[in-house]
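Shown next, in structure tokens, is the structure this report addresses.
2 protein chains.
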Amino acid sequence: MGKALRSDAERTVMTILEAAERVLSRNPAASMEQIAEAAGVARTTVHRRFTSRDALVEAMTGWAAQRFAEAVAAANPDSTPPLVALYQVTANVLRVKIDWGFAMSRAQDADPEIARIHAEVAEICARLLSRAAGTGLIRSEVDLEWARRVYYALIHESAAEPEGDPDAMATRLVDTLLRGIGADRGL
Amino acid sequence: MGKALRSDAERTVMTILEAAERVLSRNPAASMEQIAEAAGVARTTVHRRFTSRDALVEAMTGWAAQRFAEAVAAANPDSTPPLVALYQVTANVLRVKIDWGFAMSRAQDADPEIARIHAEVAEICARLLSRAAGTGLIRSEVDLEWARRVYYALIHESAAEPEGDPDAMATRLVDTLLRGIGADRGL
DNA sequence: AGAACTTGCAACATCAGTGACGCAAGTCTG
DNA sequence: CAGACTTGCGTCACTGATGTTGCAAGTTCT
Numbered sequence: 120m121g122k123a124l125r126s127d128a129e130r131t132v133m134t135i136l137e138a139a140e141r142v143l144s145r146n147p148a149a150s151m152e153q154i155a156e157a158a159g160v161a162r163t164t165v166h167r168r169f170t171s172r173d174a175l176v177e178a179m180t181g182w183a184a185q186r187f188a189e190a191v192a193a194a195n196p197d198s199t200p201p202l203v204a205l206y207q208v209t210a211n212v213l214r215v216k217i218d219w220g221f222a223m224s225r226a227q228d229a230d231p232e233i234a235r236i237h238a239e240v241a242e243i244c245a246r247l248l249s250r251a252a253g254t255g256l257i258r259s260e261v262d263l264e265w266a267r268r269v270y271y272a273l274i275h276e277s278a279a280e281p282e283g284d285p286d287a288m289a290t291r292l293v294d295t296l297l298r299g300i301g302a303d304r305g306l
Numbered sequence: 120m121g122k123a124l125r126s127d128a129e130r131t132v133m134t135i136l137e138a139a140e141r142v143l144s145r146n147p148a149a150s151m152e153q154i155a156e157a158a159g160v161a162r163t164t165v166h167r168r169f170t171s172r173d174a175l176v177e178a179m180t181g182w183a184a185q186r187f188a189e190a191v192a193a194a195n196p197d198s199t200p201p202l203v204a205l206y207q208v209t210a211n212v213l214r215v216k217i218d219w220g221f222a223m224s225r226a227q228d229a230d231p232e233i234a235r236i237h238a239e240v241a242e243i244c245a246r247l248l249s250r251a252a253g254t255g256l257i258r259s260e261v262d263l264e265w266a267r268r269v270y271y272a273l274i275h276e277s278a279a280e281p282e283g284d285p286d287a288m289a290t291r292l293v294d295t296l297l298r299g300i301g302a303d304r305g306l
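And the structure:
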């Protein structure tokens, strides 16, 4: 980590990151030129701030991973009652995912440090689901790994078309996750 | 549509399509070179059979869309009882999606004709869900467009990690779709 | 068998995207 | 205010991917 950047440079970096997310989420193959244009900045400036294209994407995924981890941690997923935590985590994560969908989708083939953050979050999520199963919130015959995958898939789908506020989206999401779309049939 | 191809050329085309799916699903930015290599064919041959990279991808999406439509139609989704049709459609589509995941994901920004096929399938799916709601299979307060999105998302997630036979996957999927992962709480 | 077709190979042309540099003009910061 | 930093612009070099062509060797079809 070189020197601290001057305030205007810091602002430029952030502007570029946001523009890159906007452009790349629409077209993952977009050029640096298009990103620079969207950021209202010269192409050379982008190259000055980020050594390479990969470095830019890496910076994006790193930033997003950070916010992702914060969003999950802020919901106290290990100490709050499972159902409450589930809502809270969902709403918080949706807020991040809506703005950083592309960056978050790139976590797998990124820096090991970033992959670690995501793995850690995944584990927190697994623990939360496990606690939920323990309190009878989740049917005992449900495979928890499958449950986690479904949860992630619903978040992904939900964030793809933001509508209304994240809290309402979270409510619908958790409701669907727990009850599905079917009618409650007699047992 | 030029002349009919000779049998060996026809085989080559199919080999390339399958190799392209395999390669591109792992790395969407893979080069023609890599695709040719995976197909066990010279790069020039790929270019002979497909005018451009886009043409190749287009051919893939077209082929996949065809099989997709067939898979759905084969389940008689408009005449079979909703619950049966849902299982049947799911199993059939999973079989296609497992092998043509990349090609199917490219339907949106493809040829209008291909987009039309997918739109038609989506409508069939919407009708099926509507019938399911009519028979009380789906809770009345559930938004059917959201239901369709969730259904698609589950298929996508399921096909991402094929395990066991498609029928078992379909069973788990439909179960999750209708009942969610939560316990059946008293009403 | 013979005509028509297909493929691999090698060579070539092109092009878009990437990345680097220096300089003049503008912006921060102490 | 003065020095340090940042940016836009023009320019250049480089690379990898794309797409084409001609020809010799092999395959299909009748």
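So the sequences go chain by chain: A and B.
With positions in the first sequence counted from 1, the corresponding number in this note's numbering is that position plus 119.
With positions in the second sequence counted from 1, the corresponding number in this note's numbering is that position plus 119.
Glycine included, C-beta positions come from ideal geometry on N, C-alpha and C.
Being a predicted model, the structure only gives us computed values, none of them experimental.
Let me know if Ala139/B comes out buried or exposed under the rule of 16 or more other beta-carbons within 10 Å of its beta-carbon. By the beta-carbon neighbour count (other beta carbons within 10 angstroms, threshold 16), Ala139/B is buried.
Cβ of Leu307/B within 8 Å of any chain A Cβ: Since the displayed chain B opens at 120 and closes at 306, residue 307/B lies outside it and no answer follows.
Under DSSP, the alpha helix (DSSP H) around Ala309/A begins and ends at which residues? Nothing about residue 309/A can be read from this structure; chain A reaches only from 120 to 306.
May I ask you to report which of helix, strand or coil DSSP gives Gly299/B? Three-state DSSP puts Gly299/B in coil, outside helix and strand.
Length of the line joining the Cα atoms of Leu212/A and Val142/A: The residue asked about is misnamed: residue 212/A is Val in this sequence, not Leu. Taking the Cα positions, Val212/A is about 21 Å away from Val142/A.
If you draw a straight line from the C-alpha of Pro281/A to the C-alpha of Ile217/A, how long is it? Computed Cα separation, rounded: 7 Å.
Please report the Cβ distance between Val339/A and Val191/A, rounded to the nearest whole angstrom; I am assuming they are in contact, meaning their Cβ atoms lie under 8 Å. There is no way to answer for residue 339/A, as the model of chain A reaches only from 120 to 306.
From what residue to what residue does the alpha helix (DSSP H) around Lys216/A run? Per DSSP, Lys216/A is one residue of the alpha helix (DSSP H) stretching across 201 to 218.
By Cβ distance below 6 Å, which residues in the same chain neighbour Ala194/B in space, the five residues on each side in sequence not counted? Answer for Ala194/B: Ala204, Gln207, Val208, Asn211, listed in chain order.
Would you grab the beta carbon distance between Leu248/B and Leu263/B for me? Rounded to a whole angstrom, and I think it's under 8 Å. About 5 Å; that satisfies the 8 Å criterion.
Report all residues from its chain with a CB closer than 6 Å to the CB of Arg250/B; omit the five preceding and five following residues, and keep chain order. Apart from sequence neighbours up to five positions away, the residues of its chain that approach Arg250/B with a beta-carbon distance below 6 Å are Pro201, ordered along the chain.
Note down, in chain order, every chain B residue with its Cβ under 8 Å from the Cβ of Ala266/A. In chain order: Ile300.
Gly255/B versus chain A: which residues are under 8 Å apart at the beta carbon? Residues of chain A passing the Cβ test: Ala302.
Name, going along the chain, the residues of the stretch 123 to 152 of chain A whose beta-carbon falls closer than 8 Å to a beta-carbon of chain B. Within the stretch 123 to 152 of chain A, the qualifying residues are Pro147, Ala148.
Chain A within 8 Å of Ala289/B, Cβ atoms only: With respect to chain A, the C-beta atom of Ala289/B has no partner C-beta closer than 8 Å.
In chain order, what residues of the same chain have a beta carbon less than 7 Å from the beta carbon of Glu276/B, not counting five sequence neighbours either side? Taken in chain order, the list of residues that qualify is empty.
Under three-state DSSP, which class holds Thr131/B? In this structure, Thr131/B counts as helix in the three-state DSSP scheme.
From Lys271/A to Trp265/B, what distance separates their C-alpha atoms? Residue identity check: residue 271/A is Tyr in the sequence provided, not Lys. Straight across, the Cα-Cα distance linking Tyr271/A with Trp265/B is about 16 Å.
Rounded C-beta distance between Val269/B and Ile300/A? I'm assuming under 8 Å. Your pair Val269/B and Ile300/A checks out as a contact, with CB atoms roughly 7 Å apart and the cut at 8 Å.
Unbroken beta strand (DSSP E) runs of length 3 or more, entirely within the stretch 143 to 193 of chain B: which are they? Qualifying beta strand (DSSP E) stretches: none in this window.
Leaving out five residues before and five after Trp219/A in sequence, what residues of the same chain have Cβ atoms less than 7 Å from its Cβ? Once the five neighbours on either side are set aside, the close Cβ partners of Trp219/A are Glu140, Ala183, Arg186.
In or out: Met288/B buried (at least 16 other Cβ within 10 Å) or exposed? When all chains shown are included, Met288/B counts as buried.
Unbroken alpha helix (DSSP H) run spanning Ile233/B, endpoints: Here the alpha helix (DSSP H) through Ile233/B covers 231 to 253.
Output yes or no for whether 8 Å exceeds the beta carbon distance between Thr199/B and Thr164/B. Taking 8 Å as the cut-off, the beta carbon of Thr199/B is found no closer than this to the beta carbon of Thr164/B.
8 Å Cβ cut-off: residues of chain A touching Leu296/B: In chain order: Gly299, Ile300, Gly301.
Assuming Ser277/B is part of the alpha helix (DSSP H), what are its boundary residues? That run of the alpha helix (DSSP H) goes 263 to 279.
When you check each C-beta in the stretch 156 to 184 of chain B against every C-beta of chain A, which residues fall closer than 9 Å? Under the 9 Å Cβ criterion, the stretch 156 to 184 of chain B contributes no residue.
Does the CB of Val261/B have a neighbour CB from chain A at under 8 Å? Judged by the 8 Å Cβ criterion, Val261/B is in contact with chain A.
Between Met133/B and Ile243/B, what straight-line distance do the alpha-carbon atoms span, to the nearest angstrom? Rounded to the nearest angstrom, the two C-alpha atoms are 29 Å apart.
Comparing the C-beta of Val240/A with each C-beta of chain B, is any distance below 8 Å? Judged by the 8 Å Cβ criterion, Val240/A is not in contact with chain B.
Taking 8 Å as the threshold (beta carbon to beta carbon), is Val203/B in contact with chain A? Proximity of Val203/B to chain A, defined by a Cβ-Cβ separation below 8 Å, is not satisfied.
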